[in-house]
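Protein chains in written order, with my numbering: chain A, 169 to 313; chain B, 169 to 313. Worksheet: one structure, shown below.
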DNA sequence: GTTGAAAAGTGAACTCG
DNA sequence: CGAGTTCACTTTTCAAC
């Protein structure tokens, strides 16, 4: 993963459907050379795939929340991941430092839908309680850099 | 935005570089019809664009944190956004319910880099103090659904 | 990096409810 | 008319050199 790979990744972050010709032109490579680099990045796992960036409000899921999860005793991260994966409203989850065991990023159509999803999260036997913060307005949403 | 549009979006969430032929095959349309729908979704703003999904660890920014921001007095969300946008390590930001005014999602190469970025965030005159939680391990990272 | 065959993208003309 | 289809034509992909 060198400087050119980085610049290729930058191109793809801006436009995931850029043609290999365009990518090559921006980094000073021919289209096949650019494609070979992208293929290599995919094979190595650095590039997981490609996706569409949606306007969250444009299709329903306008209600977001961040939820701190407090567990009973010691729960392995693996167990926690497996149970949280079953709740599609959980967009992101991570174990964190501090008093809470994990922090979840959740999204739902509305408050009612969010509440239902949080009940499903709390169904897990190891979860003691949760503390949630509702998102009022999103200021920044950068895909990743 | 009807049922077919939803299914097209699902295809693109799974593979943002899917060909119009593939998309059409999955939703029962010809390639040009699929393309016209995707073009329409882009024009309407429902689709913002396309991007690459990276393995976060594969290129450097392995250190993540969630930062609660407490402001002095009343700060407009617009002002806050404008100053936070100047810090590239801020991947996401939103105003929230509860004691804090905003919650930031930040990423950096390492703890030292993160500390520098947080200093830049705190440079803003309206920010009183911050409380941060370091991410230990990421359990789930769904692009969005 | 270059080449060339196969595949995908894309606009136009056409058809159906 | 809006939405789909087929058809021609251009551009891109991609494997071989």
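We put the CB at the ideal spot given by N, CA and C, even for glycine.
{"Query": "Can you have a look at residue 188 (chain A) and say buried or exposed, based on whether 16 or more other CB atoms are within 10 angstroms of its CB?", "Result": "buried"}
{"Query": "Could you tell me the distance, in whole angstroms, from the CA atom of residue 229 (chain B) to the CA atom of residue 238 (chain B)?", "Result": "25 angstroms"}
{"Query": "Would you say residue 274 (chain B) lies against chain A (beta-carbon separation less than 8 angstroms)?", "Result": "no"}
{"Query": "Straight-line CA distance for residue 263 (chain A) to residue 305 (chain B)?", "Result": "5 angstroms"}
{"Query": "Between the Cα of residue 251 (chain A) and those of A:190, A:220, A:192 and A:293, spot the shortest distance and give me the residue it belongs to.", "Result": "A:293"}
{"Query": "Starting from the C-beta of residue 234 (chain B), find all residues in its chain whose C-beta is less than 8 angstroms away, skip the five residues before and the five after it, and write them out in chain order.", "Result": "271, 272, 273, 274, 300, 301 and 303"}
{"Query": "Can you check whether the C-beta of residue 234 (chain B) is within less than 8 angstroms of a C-beta belonging to chain A?", "Result": "yes"}
{"Query": "Is residue 169 (chain A) helix, strand or coil when you go by DSSP?", "Result": "coil"}
{"Query": "By the criterion of Cβ-Cβ separation under 7 angstroms, what are the contact partners of residue 253 (chain B) in chain A?", "Result": "308"}
{"Query": "Along the chain, where does the beta strand (DSSP E) containing residue 236 (chain A) start, and where does it finish?", "Result": "231 to 239"}
{"Query": "Is residue 296 (chain B) buried or exposed, if buried means 16 or more other CB atoms sit within 10 Å of its CB?", "Result": "exposed"}
{"Query": "In chain order, which continuous runs of the beta strand (DSSP E) of length 3 or greater are located wholly inside the segment 180 to 251 of chain A?", "Result": "215 to 222 and 231 to 239"}
{"Query": "Hey, would you say residue 276 (chain B) sits closer than 8 angstroms to residue 219 (chain B), going by beta carbons?", "Result": "no"}
{"Query": "Does the distance from the CB of residue 213 (chain B) to the CB of residue 185 (chain A) come in under 8 angstroms?", "Result": "no"}
{"Query": "Going along the segment 173 to 197 of chain A in order, which residues come within less than 8 angstroms of chain B, judged by CB to CB distance?", "Result": "174, 177, 180, 181, 182, 183, 184 and 185"}
{"Query": "Within the 8 angstroms Cβ cut-off, does residue 298 (chain B) reach chain A?", "Result": "no"}
{"Query": "Cα-Cα, which of A:287, A:169, A:236 and A:245 is closest to residue 204 (chain A)?", "Result": "A:169"}
{"Query": "Who are residue 274 (chain A)'s beta bridge partners in DSSP?", "Result": "A:233 and A:258"}
{"Query": "Ordered along the chain, which non-local residues of its own chain (more than five positions away) have a Cβ less than 8 angstroms from that of residue 308 (chain A)?", "Result": "none"}
{"Query": "Going by alpha carbons, who is nearest to residue 258 (chain A) out of A:267, A:177 and A:285?", "Result": "A:285"}
{"Query": "Can you tell me the Cβ-Cβ gap for residue 269 (chain B) and residue 243 (chain B), rounded? I've got them flagged as a contact below 8 angstroms.", "Result": "7 angstroms"}
{"Query": "Can you tell me whether DSSP reads residue 253 (chain B) as helix, strand or coil?", "Result": "coil"}
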